[in-house]
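What follows is a short report on a single structure.
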Amino acid sequence: MAKHLLIVESPAKAKTINKYLGKDFQVLASYGHVRDLVPKEGAVDPDDGFRMRYDLIEKNEKHVEAIAKAAKSAEGIYLATDPDREGEAISWHIAEILRERGLLEDRELHRVVFTEITPRAIKDAMTRPRHIAGPLVDAQQARRALDYLVGFNLSPVLWRKIQAGLSAGRVQSPALRMIVEREEEIEAFRKQEYWTIDAECAHPSQAFTARLVKLDGQKFLVDSQKEQFTITDGDTAEAARARIAAAAQGALHVTDVASKERKRRPSPPFTTSTLQQEAARKLGFTTRKTMQVAQKLYEGINIGDEGTVGLITYMRTDSVSLSQDALGEIRDVIARDFGTSSVPDKPNVYQTKSKNAQEAHEAVRPTSALRTPSQLAGFLSDDERKLYELVWKRSVASQMIPATLNTVTVDLAAGSDHGFRASGTTVVVAGFLAVYEEGKDSKGKEDEDEGRKLPAMKLGDRVPLDRIHADQHFTQPPPRFTEASLVKALEEYGIGRPSTYASIIATLQFRKYVEMEGRSFRPSDVGRAVSKFLSNHFPRYVDYDFTANLEDELDAVSRGEEEWVPLMEKFWGPFKELVDDKKESLDKTDAGSVRVLGEDPKSGRQVSARIGKYGPLVQIGTVEDEDKPKFASLRPGQSIYSITLDEALELFLLPRVLGEHNGEQVSVGIGRFGPFAKRGGTYASLTKEDDPYKIDLARAVFLIEEKEEIARNRIIKEFDGSDIQVLNGRFGPYISDGRLNGKIPKDREPATLTFDEVVKLLEETGKPARKGFGAKKAAAKKAPAKKAPGTAPAKKAAVKKTATKKPAARKAPAKKPPAKKASKNVARPYSADLEQARPLVTAAKFEPGKKRVVKKSDDAPF
Numbered sequence: 001m002a003k004h005l006l007i008v009e010s011p012a013k014a015k016t017i018n019k020y021l022g023k024d025f026q027v028l029a030s031y032g033h034v035r036d037l038v039p040k041e042g043a044v045d046p047d048d049g050f051r052m053r054y055d056l057i058e059k060n061e062k063h064v065e066a067i068a069k070a071a072k073s074a075e076g077i078y079l080a081t082d083p084d085r086e087g088e089a090i091s092w093h094i095a096e097i098l099r100e101r102g103l104l105e106d107r108e109l110h111r112v113v114f115t116e117i118t119p120r121a122i123k124d125a126m127t128r129p130r131h132i133a134g135p136l137v138d139a140q141q142a143r144r145a146l147d148y149l150v151g152f153n154l155s156p157v158l159w160r161k162i163q164a165g166l167s168a169g170r171v172q173s174p175a176l177r178m179i180v181e182r183e184e185e186i187e188a189f190r191k192q193e194y195w196t197i198d199a200e201c202a203h204p205s206q207a208f209t210a211r212l213v214k215l216d217g218q219k220f221l222v223d224s225q226k227e228q229f230t231i232t233d234g235d236t237a238e239a240a241r242a243r244i245a246a247a248a249q250g251a252l253h254v255t256d257v258a259s260k261e262r263k264r265r266p267s268p269p270f271t272t273s274t275l276q277q278e279a280a281r282k283l284g285f286t287t288r289k290t291m292q293v294a295q296k297l298y299e300g301i302n303i304g305d306e307g308t309v310g311l312i313t314y315m316r317t318d319s320v321s322l323s324q325d326a327l328g329e330i331r332d333v334i335a336r337d338f339g340t341s342s343v344p345d346k347p348n349v350y351q352t353k354s355k356n357a358q359e360a361h362e363a364v365r366p367t368s369a370l371r372t373p374s375q376l377a378g379f380l381s382d383d384e385r386k387l388y389e390l391v392w393k394r395s396v397a398s399q400m401i402p403a404t405l406n407t408v409t410v411d412l413a414a415g416s417d418h419g420f421r422a423s424g425t426t427v428v429v430a431g432f433l434a435v436y437e438e439g440k441d442s443k444g445k446e447d448e449d450e451g452r453k454l455p456a457m458k459l460g461d462r463v464p465l466d467r468i469h470a471d472q473h474f475t476q477p478p479p480r481f482t483e484a485s486l487v488k489a490l491e492e493y494g495i496g497r498p499s500t501y502a503s504i505i506a507t508l509q510f511r512k513y514v515e516m517e518g519r520s521f522r523p524s525d526v527g528r529a530v531s532k533f534l535s536n537h538f539p540r541y542v543d544y545d546f547t548a549n550l551e552d553e554l555d556a557v558s559r560g561e562e563e564w565v566p567l568m569e570k571f572w573g574p575f576k577e578l579v580d581d582k583k584e585s586l587d588k589t590d591a592g593s594v595r596v597l598g599e600d601p602k603s604g605r606q607v608s609a610r611i612g613k614y615g616p617l618v619q620i621g622t623v624e625d626e627d628k629p630k631f632a633s634l635r636p637g638q639s640i641y642s643i644t645l646d647e648a649l650e651l652f653l654l655p656r657v658l659g660e661h662n663g664e665q666v667s668v669g670i671g672r673f674g675p676f677a678k679r680g681g682t683y684a685s686l687t688k689e690d691d692p693y694k695i696d697l698a699r700a701v702f703l704i705e706e707k708e709e710i711a712r713n714r715i716i717k718e719f720d721g722s723d724i725q726v727l728n729g730r731f732g733p734y735i736s737d738g739r740l741n742g743k744i745p746k747d748r749e750p751a752t753l754t755f756d757e758v759v760k761l762l763e764e765t766g767k768p769a770r771k772g773f774g775a776k777k778a779a780a781k782k783a784p785a786k787k788a789p790g791t792a793p794a795k796k797a798a799v800k801k802t803a804t805k806k807p808a809a810r811k812a813p814a815k816k817p818p819a820k821k822a823s824k825n826v827a828r829p830y831s832a833d834l835e836q837a838r839p840l841v842t843a844a845k846f847e848p849g850k851k852r853v854v855k856k857s858d859d860a861p862f
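When we follow the UniProt record's numbering, the leftmost residue of the sequence shown carries the number 1, and every step to the right adds one.
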C-alpha cells in the first residue's frame with residue numbers, strides 16, 4: 001500500500017511520474033478541472049461578497065471519487081497540478097473537496113510544482129513543497145467570476161436584439177472586434193495604381209536587377225505605407241521608361257559603391273505566444289494543435305532505453321529566461337556541434353516584451369538539449385517531431401553568436417538625371433543562422449536583398465544594360481488576421497493570457513462568429529452584428545485598453561498586491577447599471593444588424609438586409625406594412641454588409657418554376673439548408689456545380705429521380721403489421737423500428753432475416769435512433785408483439801417500447817398542421833415559416849396513404 005498520494009491533471013503525466021517516484025507513491029489524475037460554477041444564474045452572487053457556487057464536473061466525478069478513496073489511506077497528499085493559475089486553482093478545488101469530506105484531518109497537504117517532467121525535476125520538486133498560493137487562486141476565481149458575470153448578463157441582451165443562442169465573452173469580444181475592424185478596413189480600402197521601373201543589367205560576371213530611385217533629377221517615390229508614388233498611370237510610366245532608355249544609351253555607370261556590415265541577434269527562446277505564432281507560420285499548425293502536441297511532448301514520450309520522459313518544459317509561459325543548467329547544456333551542445341567559436345563569451349539574456357508578463361517559469365525549451373531532433377525522430381509522430389525540432393532549434397540558436405551580414409549597395413546612373421540602385425546581402429559569419437531563422441509574415445526590402453550577391457563593381461564602371469521595363473502595381477489592403485497574427489495582436493494589446501489564446505480562437509469559430517478563408521479569419525455577418533452591437537452599446541467592455549488594464553489588475557491580485565473582491569465590486573457596479581439601462585431602452589435602439597438598401601421598384605416597399613432567426617437574409621417590407629414582409633436567404637459568399645440592392649432583389653427571383661414532369665410541377669429554390677429542386681413531395685439538393693438561377697428542367701428532374709431511386713432502394717425488407725424494417729444505410733444494412741437502430745451480424749444476409757430474428761437483434765443491439773430517423777413512424781401501426789409470434793421476452797420488450805409512444809389515432813392529427821404548413825410555404829423558400837418547415841421534408845416521394853419521416857442526415861438532401 002502506497003504511503004503517499006500525488007495528484008496531477010493528466011493520466012499521461014500520472015503514468016510517467018509514477019515510474020519516477022516508486023512504490024511509496026500512488027499517482028492519480030484529476031483529468032483537468034474537477035469543479036466549475038453551477039451552470040445557472042446565481043452561480044456568482046454579487047450581493048454576498050461574490051460568493052461562488054461550485055459543483056463537481058459530471059464527467060470527472062469518478063476520478064474525484066478515486067482520489068477521495070486513495071486519500072483515505074494516504075499519510076501525505078501532494079498536489080502537483082500545472083504550475084500556472086489554472087493549475088493552482090485545480091489544486092485548491094481538490095483540497096476543498098477533500099476538506100469538505102473530512103479527508104485532510106491528520107494528513108499533511110503539500111503543493112509541489114515542476115516545469116519539466118524528468119526524474120531530476122520531479123525529485124527536486126518533492127524536496128521543496130509549499131502551501132497552495134492563495135493569491136493565484138484568488139486571481140483565477142476573479143477571472144472566472146468576471147467571465148461568468150459578463151456572459152450571463154450580456155448574452156441575453158444579444159438574444160433579444162440580434163439572435164437567440166449568441167454569447168458575449170469578456171475576452172473573446174475584443175478579439176472579435178479586432179477581426180471585424182480589420183474587415184471594415186479592407187472593405188473601406190480603395191486600391192491605388194502605381195508603377196515601378198527596373199533595369200536589367202547584363203554585367204559580364206553576373207546579371208542583376210536595379211530599381212529606379214531618381215527620375216528627372218528628383219527622388220522616385222514608391223512608398224506603399226504613405227501612399228506616395230511618382231508614377232500612377234501607364235502612359236506616364238512608358239514615357240519615363242523611354243526617356244531613361246534614351247539617356248542610358250545601352251549602359252549604366254556606377255556612381256557609388258557602399259559596403260556595410262551589421263549584426264543580427266538570434267530570437268529569444270519560445271514563450272507560449274511565440275511558439276503558437278511560429279508553429280502557425282512554419283508548420284501550418286493551429287493554436288489548438290500546437291498546444292495539444294506540446295502537451296504530449298511535455299507529459300512524456302517513450303524514447304527507448306530512457307523510458308518515458310518529458311521532452312520539453314511547460315508550454316504555458318511568458319518567460320524567455322533559461323535555467324543555469326539548461327544554459328550550460330545548450331552551450332555544450334553548440335560547442336560540440338558548431339564549434340566553440342559559435343558560443344558567445346557570456347550567455348545571451350533576453351527580456352520579455354509581453355505587457356502582462358507573469359508566471360515565473362522558464363521559456364519553452366527541450367528538457368535536455370543533448371536529445372537532438374534526429375536522435376528522437378524514430379520515437380515521435382510526424383507532428384511531434386516537427387514541433388520538437390522547432391523548440392530545440394530555437395532554444396539552441398538563442399544561445400549562439402549573432403550572424404554577421406554584409407550589405408553592398410551600388411548606385412548606377414542613366415545619364416545625368418536618372419539613377420538606379422541595387423543591393424545585395426551576404427552572410428559573412430553564419431552564427432545562429434546555421435541552426436535557425438525566425439519565420440516572417442511578410443517580406444520587406446531587406447529580406448528580398450538577403451542572400452543576393454552582386455558582382456564586384458567599382459566607381460566609374462560601365463555596366464551593360466539589357467533592358468528597362470516599367471511594371472504596374474496596385475496598393476494592397478491590410479491582410480486579414482491569421483492565427484499567428486491574431487495571437488501576436490492579442491499579446492501586444494495585453495488581452496487574455498497565453499493559455500487562453502487557443503480557447504479564444506476556438507470559441508469564435510464554434511460560435512460561427514468567424515469563418516476561415518484559407519488560413520485567414522473572416523467575420524461572419526452574425527459575428528459582425530454582435531461586434532457592432534457591443535461596440536455601440538457596451539464600448540467600454542470591448543475596449544482594448546480596458547480589457548488589458550483588467551488583466552493588469554488580475555496580475556496584481558495574483559501577486560498579492562490587490563484583493564479580488566474590491567476588484568469585482570469596481571467592475572460590477574457600472575457594468576450592471578449599464579446592462580439594466582440597455583434592457584430598458586433596448587427596443588428603442590438599433591443593433592447595427594439592419595442595413596437599408598433602398599426600395600423595391602415593383603412594390604415601392606423598403607428593401608433591407610439583416611440578421612434573422614436563422615441567419616443573414618434580405619427583406620422586402622417591414623412589420624409595420626399592411627402586407628407581410630418577404631424574406632430571402634443570402635447566397636454563399638454574400639454579406640448583409642456589402643450586398644447591393646440589385647443583388648438583393650435577384651434573390652427574390654426564386655423559387656423558379658421550371659415546368660411540369662409526370663403531371664407535377666418542378667421548381668427550384670433555396671432554403672435553410674441550401675438550394676434544392678422539388679417535384680411534388682420530393683426534394684433533392686442541388687450540387688455545387690448547379691446554379692439555382694440557371695438550372696434547367698431536365699437537370700432538375702434527373703436530380704429528383706436520382707433521390708427517389710435511392711429512397712426506393714433504402715428498404716431491404718418489411719414485416720406486415722410491424723414497424724421494424726431492414727434498411728440500407730450510409731454505413732451498410734441495419735435494423736430500425738423508428739426508435740431503435742440495431743446491428744446485423746456480418747454472417748447474415750439482411751434480406752433473409754426473419755421477424756423473430758430482427759426483434760431479438762433489436763433487443764440485444766438496439767441503440768436509440770437520432771430524432772426523426774427511420775423509414776416509418778413507429779406509432780403508425782400496432783406493436784409487433786400483438787401481430788407476430790415470438791418468444792415471450794421478445795414480445796414483452798416490443799410491447800414496452802411501443803407503449804411509450806402515443807396511440808397512432810391521437811398522434812396523427814398532431815402532425816398534420818406542420819405538414820400542411822410546410823406544403824403551404826414550399827413556393828416561398830425564403831419565408832420564416834419555411835425555415836421552420838424545411839427539417840420536415842424528405843428525399844423520398846410521398847405516396848398516398850403512406851407516411852414517412854426522414855431525419856436531416858448526412859445522406860439526405862438538406
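Just so it is clear, CB atoms sit at the ideal spot from N, CA and C, and this is done for glycine as well.
**OP:** Tell me the start and end of each unbroken beta strand (DSSP E) in the stretch 448-482 that is at least 3 residues and wholly inside, in chain order.
**Re:** 462-474, all fully within the stretch 448-482.
Original post:
If we count the other Cβ atoms within 10 Å of its Cβ and call it buried at 16 or more, is residue 516 buried or exposed?
Top reply: With fewer than 16 other beta carbons inside 10 angstroms of its own, residue 516 counts as exposed.
Original post:
Do residue 151 and residue 169 have their C-beta atoms within less than 8 Å of each other?
Top reply: Yes, these two residues count as a Cβ contact at 8 Å.
**OP:** Figure out for me which residue from 647, 663, 645, 670 has the closest Cα to the Cα of residue 655.
**Re:** Of the residues 647, 663, 645, 670, the one whose Cα lies closest to the Cα of residue 655 is 670.
**OP:** Using beta-carbon positions only, say whether residue 99 and residue 75 come within less than 8 Å of one another.
**Re:** Not in contact: residue 99 and residue 75 (Cβ atoms no closer than 8 Å).
Subject >> C-beta atoms of residue 125 and residue 137 nearer than 8 Å >> reply: Taking 8 Å as the Cβ cut-off, residue 125 and residue 137 do not qualify as a contacting pair.
Subject >> Among 198, 301, 81, nearest to residue 379 - alpha-carbon criterion >> reply: Measuring C-alpha to C-alpha distances from residue 379 to each of 198, 301, 81 identifies 301 as the nearest.
Original post:
To the nearest angstrom, how far is it from the Cα of residue 20 to the Cα of residue 426?
Top reply: Rounded to the nearest angstrom, the gap between the Cα atoms of residue 20 and residue 426 is 50 Å.
**OP:** Run the CB neighbour count on residue 290, radius 10 Å, all protein chains shown included, and call it buried at 16 or more, exposed below.
**Re:** Buried, since its Cβ has 16 or more Cβ neighbours within 10 Å.
Original post:
Can you tell me where the alpha helix (DSSP H) with residue 334 in it begins and where it stops?
Top reply: Looking at the DSSP string, the run of the alpha helix (DSSP H) that includes residue 334 is 324-338.
**OP:** Work out the CA separation of residue 710 and residue 754 for me, nearest whole Å.
**Re:** Each residue's Cα considered, the two are about 24 Å apart.
Subject >> Whole-Å CB distance - residue 746 paired with residue 761, under 8 Å assumed >> reply: 13 Å between Cβ atoms; not a contact.
Original post:
Under 8 Å between the Cβ atoms of residue 526 and residue 163?
Top reply: In this structure, residue 526 places its C-beta atom within 8 Å of the C-beta atom of residue 163.
Original post:
Using DSSP with H/G/I as helix, E/B as strand and the rest coil, what is residue 8?
Top reply: In the structure shown, the three-state DSSP call for residue 8 is strand.
Original post:
Going straight from the alpha carbon of residue 26 to that of residue 6, what length do you get?
Top reply: Roughly 6 Å separates the two Cα atoms.
**OP:** Quickly, what does DSSP pair residue 213 with across the bridge? List them, please.
**Re:** BP columns for residue 213 are empty, so no partner.
Original post:
Shorter than 8 Å from the beta carbon of residue 555 to some beta carbon of chain C?
Top reply: Considering every chain present, this structure includes no chain C. It has just one protein chain.
**OP:** Evaluate the contact criterion for the stretch 153-161 versus the stretch 570-580: three or more CB pairs, one atom per stretch, below 8 Å.
**Re:** Using a Cβ-Cβ distance cut-off of 8 Å, the stretch 153-161 and the stretch 570-580 are in contact, since at least three pairs of beta carbons, one from each stretch, lie closer than that value.
Original post:
From residue 235 to residue 470, what distance separates their C-alpha atoms?
Top reply: Between the C-alpha atoms of residue 235 and residue 470 there is a straight-line separation of about 10 Å.
Original post:
How is residue 547 classed by DSSP in three states: helix, strand or coil?
Top reply: Residue state, collapsed to three classes: helix.
**OP:** Within 10 angstroms of the Cβ of residue 275, are there 16 or more other Cβ atoms? Answer buried if so, exposed if not.
**Re:** The residue is buried, with at least 16 neighbouring Cβ atoms inside 10 Å.
**OP:** With residue 594 as the anchor, note down where its beta strand (DSSP E) starts and where it stops.
**Re:** Looking at the DSSP string, the run of the beta strand (DSSP E) that includes residue 594 is 594-599.
Subject >> residue 750 versus residue 681: straight-line alpha-carbon distance, rounded >> reply: Inter-residue distance for residue 750 and residue 681 is about 29 Å (C-alpha atoms, whole angstroms).
**OP:** With DSSP collapsed to three states, give me the class of residue 510.
**Re:** Correct three-state label for residue 510: helix.
**OP:** Give the DSSP-derived three-state secondary structure of residue 388 in the structure shown.
**Re:** Helix.
Original post:
Skipping 5 residues on each side, what residues in its chain have a beta carbon closer than 6 Å to that of residue 857?
Top reply: Unreliable positioning characterises residue 857 in this predicted model, as indicated by a pLDDT of 31, which lies under 50. A coordinate reading is not provided.
Subject >> For residue 257, the first and last residue of its enclosing beta strand (DSSP E) >> reply: Following the DSSP letters along the chain, one finds residue 257 inside the beta strand (DSSP E) bounded by residues 251-264.
**OP:** Report the rounded CA-to-CA distance for residue 173 versus residue 532, giving the unit in angstroms.
**Re:** Per the coordinates, the alpha-carbon of residue 173 lies some 10 Å from the alpha-carbon of residue 532.
Subject >> Nearest-angstrom Cα separation, counted from residue 296 out to residue 15 >> reply: Roughly 13 Å separates the two Cα atoms.
Original post:
On the premise that residue 67 lies in contact with residue 94, defined as a C-beta separation below 8 Å, what is that separation, rounded to the nearest angstrom?
Top reply: Residue 94 to residue 67, Cβ: 7 Å. Contact.
Subject >> Residue from 193, 309, 720, 265 whose Cα sits closest to the Cα of residue 230 >> reply: Per the C-alpha coordinates, the member of 193, 309, 720, 265 positioned closest to residue 230 is 193.
**OP:** Measure the alpha-carbon distance for residue 208 versus residue 454 and round it to whole angstroms.
**Re:** Inter-residue distance for residue 208 and residue 454 is about 7 Å (C-alpha atoms, whole angstroms).
**OP:** Just mark residue 78 as buried or exposed, buried being the case when its beta carbon has 16 or more other beta carbons within 10 Å.
**Re:** Classification for residue 78: buried.
Original post:
Between residue 334 and residue 641, what straight-line distance do the alpha-carbon atoms span, to the nearest angstrom?
Top reply: It is roughly 56 Å from the alpha-carbon of residue 334 to the alpha-carbon of residue 641.
Subject >> Same chain, Cβ closer than 7 Å to residue 140, five either side skipped, listed in chain order >> reply: These residues qualify, in order along the chain: 85, 86, 88, 89.
Subject >> Meets three-Cβ-pair contact criterion under 8 Å: the stretch 552-563 and the stretch 608-621 >> reply: Flag = no, the stretch 552-563 and the stretch 608-621 do not touch.
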